[in-house]
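J.: Provided herewith is a single structure, encoded as structure tokens, for subsequent inquiry.
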Amino acid sequence: MATARGNTRALITLLRTRLDELEVYVTRVAEATGIPPAHLEKDFWVTEVLRGASNASGATGCSVIFKGGTSLSKAHRIIQRFSEDVDLVVILPEGGKSAKDSTLKTFVAAAESTTGVEGLVDSSSATKGVKRKATFAYPTTHSSALKPGVLMELSTRGGALPNRPLPIQSLISEHAQTVDLPVDLEEAAPVNLLVLKPVRTLAEKLILLHHAATEGDTQRRAATARHYYDVDRLLHDDDVLSDLQSSPIDVLAREVTEHSRAAGLPSAMRPRDGFSASPAWDPSATNSAEAAYSAVMDELLWPGAPRASFAECCHRVHELAKLL
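The numbering of the sequence shown is the numbering used here, which starts it at 1089 and goes up by one.
Structure, rendered in structure tokens:
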């Protein structure tokens, strides 16, 4: 393969149609960064699903907001762990259920176009004109503990404010030049999306962990353990701490709870004395979460990333009790 300095290499139109070359990018970037190949590979396909969502937004005129843990890693660069799902809020105009459902289908079809992979819709969880999930089972040569495929979750009822526009690239596009690989790739073009601001995501994760600690069983507390890392990194981010001064957590938490309940999702009110009063941040009361936290950090955290212990995650919430 010619390098970026060569002139003999033809322009690659779509790297996804040249899986052998995609594997070269994955392998070389993995060697240079220490990021597991399976993470790099899946991140490439996550980015192309997001590209489809951006294209559909332009075609339909409906704003789409990228949110959740994946937005914290891919857009805001606050967390350094792999987050797998594509969580999107679609803002639909007035209309009947059929028209709204057709628009959600347009978003899935657009992601099928940018990935070249069929989106397998989970009909059991779909609500006509309200929400739709589709999994894109991309071709892979890497075995890992990651879930198979990229899950695209479209909702019309999630919180969408505050947000801001941000460019998004795949990790292999970001690191290609540093490992002397060409970047004349169609997939190297940034994806421009509205992204939920991290302070709102912080409120969502605080409520999620509080609910798991107060109403969830052992399995639920273990399944949500990765969010302790996210909360800790968010609470070490200067912009997030600044935003908490202008967007008080009690206001954000109420908004999150109301949106969750309207969507029929499990939720909980913020504790009267703030989130530091929740058993979620009492290490002696969350043994199942602590054990799962260590395991999931070993699996998902990238080399060199800051890693707080479970006790340190809890301490940070107590340290900022007045803000929370």
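Just so it is clear, CB atoms sit at the ideal spot from N, CA and C, and this is done for glycine as well.
It should be emphasised that the depicted structure is a prediction, and the values quoted were computed from it without experimental measurement.
Going straight from the alpha carbon of R1104 to that of L1273, what length do you get?
T.: One C-alpha to the other measures close to 10 Å.
J.: Who are the near neighbours of Q1168 in its chain, counting only those whose CB is closer than 6 Å to its CB and skipping five residues on each side?
T.: W1390 and A1393, listed in sequence order.
J.: Between A1351, G1352 and V1344, which has its C-alpha nearest R1358's C-alpha?
T.: Ranking A1351, G1352 and V1344 by Cα distance to R1358 puts V1344 first.
J.: Tell me the rounded alpha-carbon separation between T1194 and I1123.
T.: If you take the alpha carbons of T1194 and I1123, they lie about 33 Å apart.
J.: Does DSSP put H1195 in a helix, a strand or coil?
T.: Looking at the sequence shown, residue 1195 is not His but Phe. In this structure, F1195 counts as helix in the three-state DSSP scheme.
J.: Mapping DSSP to helix, strand and coil, what is I1256?
T.: I1256 falls in the strand class under three-state DSSP.
J.: Going by C-alpha to C-alpha distance, which of L1259, L1353, Q1257 and A1264 sits closest to I1295?
T.: Of the candidates L1259, L1353, Q1257 and A1264, the one whose C-alpha sits nearest the C-alpha of I1295 is L1353.
J.: Quick check: the Cα distance between T1202 and A1365, rounded to an integer number of angstroms?
T.: If you take the alpha carbons of T1202 and A1365, they lie about 46 Å apart.
J.: Shortest alpha-carbon distance to K1410 belongs to which of R1314, L1329 and A1225?
T.: When only C-alpha atoms are compared, the closest one is L1329.
J.: Who are the near neighbours of H1315 in its chain, counting only those whose CB is closer than 8 Å to its CB and skipping five residues on each side?
T.: G1157, K1293, L1296 and L1297.
J.: Rounded to whole angstroms, what's the CA-CA distance from D1361 to G1246? Just pull it up for me.
T.: Straight-line Cα distance between these residues: approximately 26 Å.
J.: L1234 and K1221: beta carbons closer than 9 Å?
T.: Cβ distance not < 9 Å, so L1234 and K1221 don't count as in contact.
J.: Would L1259 be called buried (16 or more neighbouring beta carbons within 10 Å of its own) or exposed?
T.: With 16 or more other Cβ atoms within 10 Å, it is buried.
J.: Tell me, please, which residues DSSP counts as bridged to T1223.
T.: In DSSP, T1223 forms a bridge with L1208 and L1239.
J.: Using a threshold of 9 Å, state whether the C-beta atoms of P1125 and V1114 are closer than that.
T.: Yes.
J.: How big is the Cα-Cα spacing for G1146 and L1160?
T.: So the two alpha carbons sit approximately 23 Å from each other.
J.: Starting from the C-beta of A1351, find all residues in its chain whose C-beta is less than 6 Å away, skip the five residues before and the five after it, and write them out in chain order.
T.: Cβ within range, chain order: R1245.
J.: Under a three-way DSSP split, which group does I1167 fall into?
T.: Note: I1167 maps to coil in three-state DSSP.
J.: Give me the DSSP bridge partner(s) of N1280.
T.: According to DSSP, which records beta bridges pairwise, N1280 is partnered with P1255.
J.: For A1187 versus A1144, is the C-beta distance shorter than 9 Å?
T.: For A1187 and A1144, no; Cβs fall outside 9 Å.
J.: Taking just the CA atoms, how far does D1320 sit from Q1307?
T.: Each residue's Cα considered, the two are about 22 Å apart.
J.: Can you tell me whether I1123 is helix, strand or coil according to DSSP?
T.: Three-state DSSP puts I1123 in coil, outside helix and strand.
J.: Looking at C-alpha atoms only, which residue of R1116, A1356 and R1106 is the closest neighbour of G1204?
T.: The shortest Cα separation from G1204 among R1116, A1356 and R1106 belongs to R1106.
J.: When you compare only the Cα positions, how much space is there between S1213 and L1242?
T.: Their Cα atoms are separated by approximately 11 Å.
J.: Less than 8 Å between the CB atoms is what I'm expecting for I1153 and V1283, so what's the real figure, rounded?
T.: At roughly 7 Å, the Cβ-Cβ gap stays under 8 Å, so I1153 and V1283 are in contact.
J.: Output the boundary residues of the beta strand (DSSP E) element that contains L1176.
T.: Note, L1176: beta strand (DSSP E), V1174 to V1178.
J.: Let's test the definition: count the other Cβ atoms within 10 Å of the Cβ of R1252 and tell me whether it reaches 16, buried, or not, exposed.
T.: R1252 comes out exposed.
J.: Can you check which of these residues, S1232, T1302 and P1250, is closest to D1386 by C-alpha distance?
T.: Taking only the C-alpha atoms, the option nearest D1386 is S1232.
J.: Quick check on the DSSP output: the beta strand (DSSP E) that includes V1218 runs from which residue to which?
T.: Run containing V1218: none; DSSP gives neither H nor E here.
J.: What are the boundary residues of the alpha helix (DSSP H) that includes K1162?
T.: First-last of the alpha helix (DSSP H) with K1162: G1157 to K1162.
J.: Report the residue from L1208, D1189 and P1227 whose alpha carbon sits nearest the alpha carbon of K1216.
T.: For K1216, the nearest C-alpha among the options comes from D1189.
J.: Spatial neighbours of A1291 within its chain, please: C-beta separation below 8 Å, excluding the five flanking residues on both sides.
T.: Excluding positions up to five away in sequence, the list reads I1337, L1340, A1341, E1343 and V1344.
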